[in-house]
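Presented below is the structure to which this report refers.
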Ligand code: H79
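In the working numbering, the protein residues as written are 7 to 479.
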């Protein structure tokens with residue numbers, strides 16, 4: 007290269023460099039991520055972090071479809087019995103239903119020493135069942151806290167002999183095993199004097215107001231949320247409950263929603279943060295109310311609703327918190343078919359376990375989760391990321407969809423070997439059994455109103471065999 011040539015290159019280089027410096031200054035010097043990476047596409051002025059859209063925040067949750075609910079607290083100690091009498095209703099409500107005074111209930115803390123608790127084992131059980139997230143009760147209505155809270159002694163560290171931060175151990179196990187950790191947190195609090203404790207003997211009295219309730223919100227509820235959202239890593243969902251009390255209002259719900267998102271912008275928050283929930287049916291009355299998804303409790307909506315996110319939470323027996331004598335277990339078949347029913351309507355399934363005071367998940371729950379895991383190992387492709395059925399609920403089972411694939415979940419294997427899918431004008435590429443690794447093609451015939459698939463005589467799975475119907479793109 008000649009001397010003039012190299013000088014020209016130096017001049018161009020200097021020009022480019024100064025342009026880059028100018029650009030850096032103009033951009034506010036604070037956008038630390040690589041140019042062109044998705045993180046810098048939309049940024050907030052102050053932090054330079056990407057502002058996620060709702061769809062982006064919901065993405066992992068819509069893909070997951072299946073999670074574990076854990077109701078665990080002091081109520082596992084009485085386990086449904088108070089003064090030798092069986093108390094009617096769900097186990098975690100024993101303080102209210104048994105009309106137990108606060109100072110009496112407090113005595114259970116000294117007996118809570120769950121030395122059998124092993125966070126890795128719980129998380130492994132959930133993961134092997136095919137569950138992608140865990141929602142655990144950081145605090146239920148009895149107000150007892152499963153973590154080391156600095157604003158109360160009514161917690162695992164100060165009130166029990168166990169003195170291990172349960173949420174810390176679960177957070178570590180979840181991180182290690184790639185399961186999302188989420189918290190259930192009760193707005194209602196039967197133990198706090200500024201909340202519902204003075205309403206004894208009916209802590210759940212929905213006509214009473216505590217004049218000091220704002221003090222509870224500002225000095226207790228909010229600082230506790232800050233602890234939960236800063237000390238345990240990224241949290242998938244904050245799952246509020248107990249919002250029906252008189253002192254909770256929609257403005258308080260909206261302020262809480264904003265506060266939680268200010269601490270963890272990507273988090274999801276259920277609709278019980280506000281006042282929009284339609285009873286146990288759980289969906290929100292309208293978009294005007296706070297919350298990212300609806301929460302049907304112990305029921306599955308009859309149909310999916312386009313554009314509406316929801317999650318059915320359900321028990322395996324009749325209680326959330328452990329009761330020693332509740333043996334009314336749903337069958338593994340029922341639970342698998344409910345998971346599929348929910349997915350076929352575009353929802354999530356949050357299935358509960360209620361561990362014992364020793365820290366163990368009851369054997370009947372473990373057996374059912376293992377059964378579900380066995381089915382999921384073969385059929386998970388038909389659940390994760392599944393969207394609602396294009397043709398509702400056929401008599402033989404359910405249908406989930408994803409891209410150009412339909413997953414026909416056959417609960418009742420047809421005796422005549424003919425499976426009919428009511429698809430008008432469908433163009434079929436092929437059909438095969440999801441359980442068949444070789445994906446041997448099943449014969450199909452297409453008419454104007456339906457696709458008929460010829461099935462082998464024997465169902466690969468007695469509970470739900472999945473036929474994959476691939477449509478032409
Ligand atoms: O944590 C579990 C239960 O302890 C809690 N939610 C699950 C996830 C719960 N289950 N049932 N209840 C609470 C009973 C609440 C019933 C009612 Fe209401 C509260 C009836 C009247 C006020 C909810 C709100 C149904 C109608 C309005």
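Backbone N, C-alpha and C fix where the C-beta goes; we use that ideal spot for every residue, glycine too.
The alpha helix (DSSP H) enclosing residue 272, as first and last residue numbers: Looking up residue 272 in the chain shown gives position 266. Careful: residue 272 lies outside any alpha helix (DSSP H) and carries neither H nor E.
What residue range is occupied by the uninterrupted alpha helix (DSSP H) comprising residue 286? Locating residue 286 in the chain shown gives position 280, where the first residue counts as 1. From DSSP, residue 286 is part of no alpha helix (DSSP H); its letter is neither H nor E.
Anyone know if the C-beta pair for residue 64 and residue 264 falls short of 8 Å? Counting from one through the chain shown, the residue named residue 64 turns up at place 58. Counting from one through the chain shown, the residue named residue 264 turns up at place 258. Not in contact: residue 64 and residue 264 (Cβ atoms no closer than 8 Å).
Within the present structure, is the beta-carbon of residue 280 separated from the nearest heavy atom of the ligand H79 by less than 7 Å? Walking along the chain shown from the start, residue 280 turns up at place 274. Result no, Cβ not under 7 Å from the ligand H79.
Roughly how many whole angstroms lie between the Cα atoms of residue 375 and residue 457? Residue 375 sits at position 369 when you count from the first residue of the chain shown. Residue 457 sits at position 451 when you count from the first residue of the chain shown. Between residue 375 and residue 457, the C-alpha separation is close to 34 Å.
Taking the C-alpha atoms as reference points, what is the distance between residue 313 and residue 294? Residue mapping note: residue 313 aligns to position 307 of the chain shown, counting from 1. Residue mapping note: residue 294 aligns to position 288 of the chain shown, counting from 1. Those two C-alpha atoms are separated by around 15 Å.
Does the separation of the CB atoms of residue 97 and residue 115 fall below 8 Å? For the purposes of this step, residue 97 is taken as the residue at position 91 of the chain shown. For the purposes of this step, residue 115 is taken as the residue at position 109 of the chain shown. No. Outside cutoff.
Just mark residue 258 as buried or exposed, buried being the case when its beta carbon has 16 or more other beta carbons within 10 Å. Taking the first residue of the chain shown as 1, we reach residue 258 at position 252. By the 10 Å Cβ count, residue 258 comes out buried.
Cβ distance (whole Å) where residue 187 is taken to contact residue 144 below 8 Å: Here residue 187 refers to the residue found at position 181 of the chain shown. Here residue 144 refers to the residue found at position 138 of the chain shown. The pair is not a contact, with the Cβ atoms about 10 Å apart (cut-off 8 Å).
Spatial neighbours of residue 319 in its chain, beta-carbon cut-off 6 Å, leaving aside the 5 residues before and after: Taking the chain shown and counting its residues from 1, one reaches residue 319 at position 313. Cβ within range, chain order: 75, 303 and 356.
Start-to-end residues for the alpha helix (DSSP H) that takes in residue 117: Counting from 1 along the chain shown, the entry for residue 117 is found at position 111. Element bounds for residue 117: n/a, residue is neither H nor E.
Between the CA atoms of residue 58 and residue 45 - distance to the nearest angstrom: Residue 45 sits at position 39 when you count from the first residue of the chain shown. Residue 58 sits at position 52 when you count from the first residue of the chain shown. Here the model assigns residue 45 a pLDDT of 33, short of 50, so the residue's position is not dependable, and the following value carries that caveat. Taking the straight line joining both Cα atoms gives about 9 Å.
Spatially closest choice to residue 437 from 426, 459, 209 and 417, by CA coordinates: Within the chain shown, the letter at position 431 stands for residue 437. Cα-wise, what sits closest to residue 437 is 459.
Assuming residue 190 is part of the beta strand (DSSP E), what are its boundary residues? Position 184 of the chain shown, counted from the first residue, corresponds to residue 190. Note, residue 190: beta strand (DSSP E), 186-192.
Should residue 499 be listed as close to the ligand H79, given that the test is whether its C-beta is under 7 Å from any heavy atom? Only positions 7 to 479 of the chain appear in this structure, which leaves residue 499 out of reach.
How many angstroms separate the CA atom of residue 129 from the CA atom of residue 112? The residue given as residue 129 occupies position 123 in the chain shown. The residue given as residue 112 occupies position 106 in the chain shown. So the alpha carbons of these two residues sit roughly 29 Å apart.
Rounded to the nearest angstrom, what separates residue 132 and residue 311 at their Cα positions? Residue mapping note: residue 132 aligns to position 126 of the chain shown, counting from 1. Residue mapping note: residue 311 aligns to position 305 of the chain shown, counting from 1. So the alpha carbons of these two residues sit roughly 28 Å apart.
Do you know offhand how far residue 87's Cα is from residue 104's? For the purposes of this step, residue 87 is taken as the residue at position 81 of the chain shown. For the purposes of this step, residue 104 is taken as the residue at position 98 of the chain shown. Between residue 87 and residue 104, the C-alpha separation is close to 9 Å.
Going by alpha carbons, who is nearest to residue 178 out of 124, 62 and 150? Locating residue 178 in the chain shown gives position 172, counting from the first residue. Per the Cα distances, 124.
Limits of the unbroken alpha helix (DSSP H) element including residue 357: If you number the chain shown from 1, residue 357 lands on position 351. Where residue 357 is concerned, there is no enclosing alpha helix (DSSP H), although the beta strand (DSSP E) it sits in stretches over 354-359.
Taking 7 Å as the cut-off, is the C-beta of residue 100 nearer than that to any heavy atom in the ligand H79? As a first step, residue 100 must be located in the chain shown, where it is residue number 94. No; taking the cut-off as 7 Å, the Cβ of residue 100 has no heavy atom of the ligand H79 nearer than that.
Just checking residue 197 against the ligand H79 - is the residue's beta carbon closer than 7 Å to any of the ligand's heavy atoms? As a first step, residue 197 is located in the chain shown; it is residue number 191 there, counting from the start. Residue 197 Cβ: outside cutoff for every heavy atom of the ligand H79.
Name the one or two DSSP bridge partners that residue 299 has. Taking the first residue of the chain shown as 1, we reach residue 299 at position 293. DSSP output for residue 299 lists 276 as bridge partner(s).
Environment of residue 278 [buried if 16+ CB atoms lie within 10 Å]: Stepping through the chain shown from its first residue, residue 278 is reached at position 272. So residue 278 counts as buried.
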